[in-house]
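Colleague: Protein chains in written order, with this note's numbering: chain A, 2 to 518; chain B, 2 to 518. Where a beta carbon is used, it is the ideal one built from N, C-alpha and C, also for glycine.
Number of protein chains: 2
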Amino acid sequence: MIGMNTVEQWQRYELTLSGPTDGNPFMDVQLKATFSLNGRQVTIHGFYDGNGQYKVRYMPSMTGHWQVVTHANVSELDGQMATFNCVAATGENHGPVIVAGKSHFAYADGTAYLPFGTTAYAWTVQSKAVQAQTLATLKDNAFNKIRMTVFPKSYSYNTTEPAMYPYVGAPKHHSDVFTDDLWRVKPEDIGFDFSRFNPEYFQSLEDNIEKLDQLGIQADLILFHPYDCWGFARMGKRFNHLYLRYLIARLASYKNIWWSLANEYDLMASTGQIQLDEWDDLGQFVHMEDPSQHLESIHNFYDPPVHKATTANWYDYSKPWITHLSIQSDNVFFTAQWLQEYQKPVVFDECRYEGNIEFGFGDNTAHGMLDSFWRIMLRGGYATHGETYIDKPNTKRPIWWAHGGQLYGDSPKRIAFLRKLLADNHFDYIKPQGLRAPSWELAAGSNAEETKFLIYIGDNQPEFEILNFLPTAADFDMTVIDTWNMTTTVYPKVINAQTCFQLERKPYQALLLTKKM
Amino acid sequence: MIGMNTVEQWQRYELTLSGPTDGNPFMDVQLKATFSLNGRQVTIHGFYDGNGQYKVRYMPSMTGHWQVVTHANVSELDGQMATFNCVAATGENHGPVIVAGKSHFAYADGTAYLPFGTTAYAWTVQSKAVQAQTLATLKDNAFNKIRMTVFPKSYSYNTTEPAMYPYVGAPKHHSDVFTDDLWRVKPEDIGFDFSRFNPEYFQSLEDNIEKLDQLGIQADLILFHPYDCWGFARMGKRFNHLYLRYLIARLASYKNIWWSLANEYDLMASTGQIQLDEWDDLGQFVHMEDPSQHLESIHNFYDPPVHKATTANWYDYSKPWITHLSIQSDNVFFTAQWLQEYQKPVVFDECRYEGNIEFGFGDNTAHGMLDSFWRIMLRGGYATHGETYIDKPNTKRPIWWAHGGQLYGDSPKRIAFLRKLLADNHFDYIKPQGLRAPSWELAAGSNAEETKFLIYIGDNQPEFEILNFLPTAADFDMTVIDTWNMTTTVYPKVINAQTCFQLERKPYQALLLTKKM
Chain A
2 MIGMNTVEQW QRYELTLSGP TDGNPFMDVQ LKATFSLNGR QVTIHGFYDG
52 NGQYKVRYMP SMTGHWQVVT HANVSELDGQ MATFNCVAAT GENHGPVIVA
102 GKSHFAYADG TAYLPFGTTA YAWTVQSKAV QAQTLATLKD NAFNKIRMTV
152 FPKSYSYNTT EPAMYPYVGA PKHHSDVFTD DLWRVKPEDI GFDFSRFNPE
202 YFQSLEDNIE KLDQLGIQAD LILFHPYDCW GFARMGKRFN HLYLRYLIAR
252 LASYKNIWWS LANEYDLMAS TGQIQLDEWD DLGQFVHMED PSQHLESIHN
302 FYDPPVHKAT TANWYDYSKP WITHLSIQSD NVFFTAQWLQ EYQKPVVFDE
352 CRYEGNIEFG FGDNTAHGML DSFWRIMLRG GYATHGETYI DKPNTKRPIW
402 WAHGGQLYGD SPKRIAFLRK LLADNHFDYI KPQGLRAPSW ELAAGSNAEE
452 TKFLIYIGDN QPEFEILNFL PTAADFDMTV IDTWNMTTTV YPKVINAQTC
502 FQLERKPYQA LLLTKKM
Chain B
2 MIGMNTVEQW QRYELTLSGP TDGNPFMDVQ LKATFSLNGR QVTIHGFYDG
52 NGQYKVRYMP SMTGHWQVVT HANVSELDGQ MATFNCVAAT GENHGPVIVA
102 GKSHFAYADG TAYLPFGTTA YAWTVQSKAV QAQTLATLKD NAFNKIRMTV
152 FPKSYSYNTT EPAMYPYVGA PKHHSDVFTD DLWRVKPEDI GFDFSRFNPE
202 YFQSLEDNIE KLDQLGIQAD LILFHPYDCW GFARMGKRFN HLYLRYLIAR
252 LASYKNIWWS LANEYDLMAS TGQIQLDEWD DLGQFVHMED PSQHLESIHN
302 FYDPPVHKAT TANWYDYSKP WITHLSIQSD NVFFTAQWLQ EYQKPVVFDE
352 CRYEGNIEFG FGDNTAHGML DSFWRIMLRG GYATHGETYI DKPNTKRPIW
402 WAHGGQLYGD SPKRIAFLRK LLADNHFDYI KPQGLRAPSW ELAAGSNAEE
452 TKFLIYIGDN QPEFEILNFL PTAADFDMTV IDTWNMTTTV YPKVINAQTC
502 FQLERKPYQA LLLTKKM
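1. Output yes or no for whether 9 Å exceeds the beta carbon distance between Q228 of chain B and I400 of chain B.
2. Does I275 of chain B come out as helix, strand or coil in the three-state DSSP assignment?
3. Is there a Cβ from chain B that is less than 9 Å from the Cβ of I358 of chain A?
4. Nearest chain B C-beta to G361 of chain A closer than 9 Å, yes or no?
5. Which residues bound the beta strand (DSSP E) around Y59 of chain A?
6. Got a sec? Which residues, its chain only, sit under 7 Å from G217 of chain B by beta carbon, not counting five neighbours each side?
7. Do you know whose CA, among A:R58, A:D23, A:A445, A:F502, lies nearest P292 of chain A's CA?
8. Buried or exposed: which applies to C501 of chain A, given that a residue is buried once 16 or more other Cβ atoms fall within 10 Å of its Cβ?
9. For the region 452-471 of chain A, which residues have a CB atom closer than 7 Å to at least one CB atom of chain C, in sequence order?
10. May I ask which residues mark the beginning and end of the alpha helix (DSSP H) holding N86 of chain B?
11. Does I45 of chain B get closer than 9 Å to chain A when you measure Cβ to Cβ?
12. Going by C-alpha to C-alpha distance, which of B:K507, B:E297, B:G382 sits closest to G284 of chain B?
13. Between D177 of chain A and chain B, is there a C-beta pair that is closer than 9 Å?
14. Helix, strand or coil for L183 of chain A per DSSP?
15. Within the chosen definition, does the region 98-112 of chain A reach the region 165-184 of chain A through at least 3 CB pairs nearer than 8 Å?
16. Secondary structure at T500 of chain A, three-state DSSP: helix, strand or coil?
17. Who are the Cβ neighbours of G96 of chain A in its own chain at under 8 Å, not counting the five residues just before and after it?
18. Give the C-beta separation of A511 of chain A and I482 of chain A to the nearest angstrom, bearing in mind that I take them to be a contact with Cβ-Cβ under 8 Å.
19. Following the continuous beta strand (DSSP E) through M165 of chain B, name the residue where it begins and the one where it ends.
20. Of all the residues that make up the region 492-505 of chain B, which are near chain A by a beta-carbon distance shorter than 8 Å?
21. Per the DSSP calculation, E355 of chain A is bridged to which residue(s)?
22. With the cut-off set at 9 Å, would you say L468 of chain A and A449 of chain A are in Cβ contact?
23. Look up N142 of chain A in the DSSP assignment and say whether it is helix, strand or coil.
24. Measure from the C-beta of F374 of chain A to each C-beta in chain B and report whether the shortest distance is under 9 Å.
25. Since D364 of chain B meets chain A, which of its residues come closer than 7 Å, beta carbon to beta carbon?
26. Once DSSP output is grouped into helix, strand and coil, what is the label at H288 of chain B?
27. To the nearest angstrom, report how far apart T489 of chain B and A164 of chain A are at their CA atoms.
28. In angstroms, rounded to a whole number, what distance separates the CA positions of Q294 of chain A and I223 of chain A?
29. Below 6 Å CB to CB, which residues in the same chain sit around V30 of chain B once its five sequence neighbours on both sides are set aside?
30. Is the region 25-41 of chain B touching the region 231-239 of chain B in the sense that three or more CB pairs, one from each, lie closer than 8 Å?
31. Between the Cα of L422 of chain B and the Cα atoms of B:D411, B:F454, B:D392, which residue gives the shortest distance?
32. Mind checking which residues open and close the beta strand (DSSP E) that includes K453 of chain A?
33. For Y430 of chain B, tell me which candidate among B:G387, B:D460, B:R380, B:R415 has the shortest Cα-Cα distance.
34. Assuming V131 of chain A contacts G405 of chain A under a Cβ cut-off of 8 Å, what Cβ separation, rounded to an integer in Å, is found between them?
35. Which same chain residues, not among the five before or five after V8 of chain A, have their C-beta less than 8 Å away from its C-beta?
36. Could you give the DSSP three-state label for K517 of chain A: helix, strand or coil?
Here's what the structure looks like:
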């Protein structure tokens, strides 16, 4: 048995034991461990990592001398004991991201965290070269969350088989021309044994998640999705639970994990994958299984305000296992309403990617993508970037949204500018500021103390502005921000709620107001 | 008594009688007339037009020899008889606009009518020069509906007293600097006698409505509005009914009249004007009083999909007196849903005006205004233009949206291009075409026979398109439309639902597809 002696708070403690290799270790061996500190106890599942190696992992959140004891139905793994010392976090280790207040996030140590997400669903199953390139691209940009899948992806522009699979077996057939019919894989066409994981596949995933953590990036990990031609989206309840238990045993100790139960869950019922009434059980299962209570949500396809007359329903985000809204919508005007209704953070994880593919979700301009970030954030929500540029029809060049690789677009550096602007001005989160109806008014928010206001004018073209929603008794210094050209210009006069001022005539401007003390 | 001998179908028959001038002719004299044709009878109210002249007007919809007999509580007006011959309509007389099918409009004779509205609320109370300029501007453009108020308007940029008032009396006070408080006029500050109309005011209004009809323009006449500092928005039920009866007696015979019960009715309750529960009575009153059953609706301020959590409510457009939705919203994605829900035409009478004033409703670009027309119309609805350009803060130059006058913007001629395109291609209305969700997909619609499709790409930037919602068995000729530069280019190949085709990279393109027979 190999255990660590010392581990930093919120870092991963790992215990490795040798055990049986015969039979099916994933099914036959039951391994748990109880971690104890000053009367606090938590019991968690271990997992089989192949080659006779069994592991138990835990992310301690409290400092002190922890004791560990194993329980197993195999004598060589049972009753093993270890101790380790959990010491205070150092450096860039702020712990996992949690919900703070009701509308926003923070690191566990209280450090501000505002998600600036991006999307590269199946990057961890691309070639090693593309994986490395993805990490290099992320390092050069300012995204601090990435949406990514556990399983490989079968979709338009996603027609290459992965080098590895999460389960023992092989695909029985595949096509390099995608059609939706591929998702309707029949039982007899499934070539995988869902009782036998491929540890190598998960080791590779973990390695990438660890590298993301080193870059300060949260892995918003999608556990199920409909883009499946192998059968991973139709394993049934028993193997879904087995998979979740295995995955959580492996990954819950990574402090930068978020659980995204599914991408576009509401597409899965009609193809005979996972039915609408199964999600609550799966969501609760993750919530119960995860000893570290990472963030958890579920992501829709149908835009409910538009489709409310159809049978497709918005997921009930009030369910207790859901920590935040992870939505697909471009109805950004609803942000403040949803914040009030659910009392949970609102993340627009899909709001039209910058790119030029033939689908509406992926032919937004850079201006449009950036505009969504400003409009959503200043209403108190968070936006997620994606990029879908192709050279020409049916190119095989990696597309960031699906494969990672390189970014070609014009929005990422401008999103980075917004992130820096908020950090430089100590916005721990943005409090939406109620404006005169109707809905098309300026987007505006403030810091918690209402000493700083941000107002986004977007592509409107007012000759002048009067910000009559400001506190009436206060004067403000003003900086005019060109969100596209990434410049800030100090306005020469002090303004207040009654000041009428003119701006240069150009689109995508914003204003930063700082209350004079 | 002077009656006409011959009147064209849907034109105005007018009977003039001399009667008493003493007392209060508006209140004391009750005058009606019964119109009969082949056993059909309709009895309608006459009105006092000043100078001892009483009139009865009627718009006959059936040809034949009509008989008229008057009833009055004054002997000299009672029992008068007349006959006239109603002959078939000629030339550009297609009758009033009515609802056709469930989603669209047509003239009474079946000629197609697609509303292309504009907005100049108080143009008929501006100087004679501005009124003439307004009509000249309308003649030079392609709008065929105009939203306009009966009463004068008190609002930002609307601070000049009109030359005439609709009632006998004079304003007790007014300010040339507008604030919302002006709308809270107290009873003791009302200087008008609501029992005595000023016929000259209504004659001027009628003259302008007649001139609109000669230009082929529908007068979408707003009967009440909150922008009032004189008391016309707080006359009480009795005088509201008196006003409506008088107005309808005067105007229901104008074939180009639409009744817009109120503009922004939902702003009127909080200022003590007309309460929310009063509108249904007023709406029904108009419906019962109008012998010609003109179109009738009511227009909101609050955008209900956004404000549904507030106390402000969307008006119940399912009420039987409401012929169509007349809404303020920029949630154009809801168009098809509202069509389905209400089974009535959907008109976005306010969706952000082209201009540069400081309010969100009036700082849209020309691109944005044009974009709304395409996005709304191709989803089966109708849009209304408005223009709010100012030279600089607080200019007194007429602004089209409020005063009429001149147009300075770049959207009107492009809206005219769209109107001509639809007419040239014989779109009697546009049938929305269901597209793949989510909501941000292309806007697309067809003609009733589904032999012509229009697809709007807007500011999306797809490298290519596959229009897989087209009928699968059909081939189409395609014309690429540059909606901004107003050009059409024939695409060199035949396309079908599976064709992948590339477009020049530029924004605001649309496609017209014509099915090959």
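Modeller: By the coordinates alone:
1. Per the sequence shown, residue 228 of chain B should be read as Tyr rather than Gln. Cβ atoms of Y228 of chain B and I400 of chain B: not closer than 9 Å.
2. coil
3. yes
4. yes
5. 54-59
6. The answer, listed in chain order, is E93, N145.
7. A:R58
8. exposed
9. Going by chain labels, chain C is absent from the structure shown, which instead holds the protein chains A and B.
10. It is not in any alpha helix (DSSP H) - N86 of chain B instead sits in the beta strand (DSSP E) that spans 82-88.
11. no
12. The shortest Cα separation from G284 of chain B among B:K507, B:E297, B:G382 belongs to B:E297.
13. no
14. Reduced to three states, the DSSP call for L183 of chain A is helix.
15. no
16. coil
17. Q10, W11, S62, A90, Y108, A109, D110, K256
18. 4 Å
19. Segment: none, M165 of chain B is in no beta strand (DSSP E) and carries neither H nor E.
20. Residues C501, Q503.
21. A:N365, A:E388
22. no
23. coil
24. Chain B, which has no Cβ nearer than 9 Å to the Cβ of F374 of chain A, makes this no.
25. For D364 of chain B, the neighbours in chain A by C-beta distance under 7 Å run, in chain order, N461, Q462, P463.
26. helix
27. 49 Å
28. 16 Å
29. V75
30. When Cβ pairs closer than 8 Å are counted between the two stretches, the region 231-239 of chain B is seen not to touch the region 25-41 of chain B, the count staying below three.
31. B:F454
32. From DSSP, the beta strand (DSSP E) with K453 of chain A extends over 453-459.
33. B:R380
34. 6 Å
35. Y14, P61, F85, N86, C87, V88
36. coil
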